[in-house]
Structure formats: structure tokens, C-alpha cells
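Residue numbers for the sequence shown follow the numbering used here, beginning at 19 and rising by one.
Even for Gly, the Cβ is constructed at its ideal location relative to N, Cα and C.
Quantities reported herein were computed from a predicted structural model and do not represent experimental measurements.
See below for the structure under consideration.
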Amino acid sequence: MQTGSGNNKFHANAEFYERMIHIPAHDLRPPQNTVFVAERTDKLVDVFRGLVKHNFLAVPVLQKTGRKWYGFLDMADIVSYVCDTFGSEELGKVEDFWALFDKEEKFREVTVNDVMKKRPFGFLNPFHPVKGGYSLFYAIEAMAREKNLQRVAVIDDDRQLLNLLTDSQVLDFLHQNLDKIGPKLKKPISGMDYVLRDVELIEESKPAIEAFHMLVKEGVSGVGVVNAEGTLVGALSVRDLKAMAPDGALFWRLFDTTGNFLKKLHNEYAGKGRPFTLQTCTENTTLGLIIERLAVNKIHRVFVTNNQHKPIGVVTLRDVFHEIISK
19 MQTGSGNNKF HANAEFYERM IHIPAHDLRP PQNTVFVAER TDKLVDVFRG LVKHNFLAVP
79 VLQKTGRKWY GFLDMADIVS YVCDTFGSEE LGKVEDFWAL FDKEEKFREV TVNDVMKKRP
139 FGFLNPFHPV KGGYSLFYAI EAMAREKNLQ RVAVIDDDRQ LLNLLTDSQV LDFLHQNLDK
199 IGPKLKKPIS GMDYVLRDVE LIEESKPAIE AFHMLVKEGV SGVGVVNAEG TLVGALSVRD
259 LKAMAPDGAL FWRLFDTTGN FLKKLHNEYA GKGRPFTLQT CTENTTLGLI IERLAVNKIH
319 RVFVTNNQHK PIGVVTLRDV FHEIISK
């Protein structure tokens, strides 16, 4: 099998490299140019409600004194904290989580810092800010080389937050510039490093909470869902925590089967006009088609399957970024 470094005919366009090098990382702005921020001393319940309201997956956290950049609090951190504190017996039967949250005095006083001390910077958020003026290429390289780096804070010399750069924004940039990337788009994924590898899987009959525990334990952002025969039938990712209903229904749903959790999730996504999240490909699918599917479906991974529709690998955003920056 050929690797990315050994096949010269699939080099990216030199002009595209120059474009990535000369665009400052802070030039890529969040959608609607909106960033929701929190301070370390803010109450967790208020920040949690804010994430649900704005449909965000993470919030940049600032120090109260000087409002200097401190780190990220991820929705996964909050969900894990809640599950560890209340347990399955209580969460599995409650249908209005906010009522439970509000009546527990110990929870009303929990701060952002309390959670971050337990899980510093989040398992999906390594502490890797970049300085304002650094290139987009530098930020993409960080996301490609550092495991689980999904968002980067752009800060100034005084650690003031200038911008927030996410892997979704980088994906949109690549999609908008497909015509400039060059011959590398025709490269089959079989020639990309580490794509054909073991995939984290969970059976659809298992509780959904086990899937999210797997994300934390294995340090990955998504798992494939298979039936009893090992056929791929769906996928769950940390991003699915954004489907938190206004009543916090996600929590009791986590104790349903993964299959039922997926059905409810897909129904909600369809109601909001979002596409079905599971996308598959073969070993011969090209990098260009992978970028297209990731961008159009607003997902972070495409599963590689064999003729029996069983998973034999996965292409993640990190794989795509690594391929784009490789000479």
C-alpha cells in the first residue's frame, strides 16, 4: 500500500500552500461571527444553558481578572460530570433534567472551574492556542498533528481572545477552495496513512451511555454503531451532544439502547433540516469526494466499509488535514 509521502503525483498545488501560509488564522471567523464565552467563576448551570441555547459544543473560558484566555469547557465534560454526580438510577428516570438540576443545591453552586479542575481543558481540547498573525497553515498543522485538537483559540500577546478557529471552519475553507487544491484531490484513501485501521464500534443493543464512555476512555470523538452481524448501521459522536433538548432529555435517553438513541436523534435532525449523519466509502474513494461528503453533511468522519458493509477503517477530519499539509 502506498503512503502519502511516497506518491509524488498527488502533491497539492503549490499556490494553495502559499494561500494557507499567507492567510492569518484569525481571518476565518465563526458562523455569524458569534463567540459565546464564560469565566472560570461562572455557575455551571448558566453556562450549560447557554451552550444548549446557542447550540454550541464548547465554550472558551477566560480568567475573571484581566479576562485572559484560560481554556475550553466542552459539552462532553459537562455531560460526564453530570453522569458521574447523579448516576444512572436518577438520570435514567428523570424527564426534565433542569428541574432536577435546579433543586440540587450542590449543583447550583458548581462553577466552570470546578469541572475544569476535574477534567482540565477537556479531553477533546488540548491546550494549544496560537498567536494572532500566525498563519492558517500553522493552525491546520496543529489540528493534523495533535490528537483530539478540534478547536484553537487565537490570542494576542496579553492572552486576550481574538478569535476561535474550529475544525469545521477549516473544513469549510477546504471545501470552498477545492478547485485550488490540485491533483491531491484524486488520491484514493487507500494511499493515505492510518485510514485503514481498527474502528471503535458499539453494538446497537448496548446503552448509549456506553458509547459516550467509550469516547472518553479511548480518546476519540466518534464511534461506529453496528448490528449483531457487525454491519454498520449508524454513528455516534461528541457532536451529537449538541442535540440536547430544552428539557435536557438527552440524559435519560443516554440510558436507552444506542439503536433507539440514534432513531430519536435522526428524527430530531430531520425536523431541523439536518442530513443523515452516517456516510461510508470504499478504499478507492478519493480525497476530494471525502472532503465533499464531510462538508455537505456537516460531519467529521466517513467510515470505510467492505462489500458486506462492515467497517474496515475511518477517515476523520484529522486525516484530511494531515493529508492536505503533507508534501
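C-beta atoms of L167 and A160 nearer than 8 Å: Their beta carbons are under 8 Å apart, which means L167 touches A160 by this criterion.
Check whether P329 and L250 have beta carbons under 8 Å apart: yes
Neighbourhood of V338 by C-beta, 8 Å cutoff - its chain only, sequence neighbours within 5 removed: L189, L192, L305, I308, I309, L312
Contact check, I342 vs I41, beta carbons under 8 Å: no
With 16 other Cβ atoms within 10 Å as the buried cut-off, status of S239: buried
First through last residue of the beta strand (DSSP E) which encompasses F90: Under the DSSP assignment, F90 falls in the beta strand (DSSP E) whose first and last residues are 87 to 92.
Contact belief for R169 with D185 at Cβ below 8 Å, rounded distance in angstroms: With a Cβ gap of about 7 Å, R169 and D185 count as contacting.
Exposure label - N181; buried when at least 16 CB within 10 Å: buried
DSSP bridge partner residues for C299 (one or two, in chain order): Assignment of beta-bridge partners to C299 by DSSP yields V322.
Beta-carbon proximity of I227 to W87, cut-off 8 Å: No. Outside cutoff.
Counted within 10 angstroms of its Cβ, other Cβ atoms place S255 as buried (16 or more) or exposed: buried
Cβ contact (3+ pairs, closer than 8 Å) linking the region 60 to 68 and the region 112 to 131: yes
Rounded straight-line distance, which links the Cα of K82 to that of P365: The structure shown does not extend to residue 365, since the chain is modelled only from 19 through 345, so no value can be given for it.
When D92, R85, S106, T334 are compared against D176, the one with the closest alpha-carbon: R85
Contact set for V241: own chain, Cβ-Cβ below 6 Å, skip 5 residues either direction: E218, I220, A229, M232, L254
DSSP-derived helix/strand/coil call for E164: coil
Range of the contiguous beta strand (DSSP E) that encloses E221: If you look at E221, you'll find it in the beta strand (DSSP E) that goes 219 to 221.
Closest residue to K27 among T300, E122, P206 (Cα-Cα distance): P206
Interface flag, H146 vs chain D, CB-CB below 8 Å: Checking the listed chains, one finds no chain D in this structure; it contains a single protein chain.
Beta-carbon spacing of L75, K204 below 8 Å: Result no, Cβ atoms of L75 and K204 do not sit closer than 8 Å.
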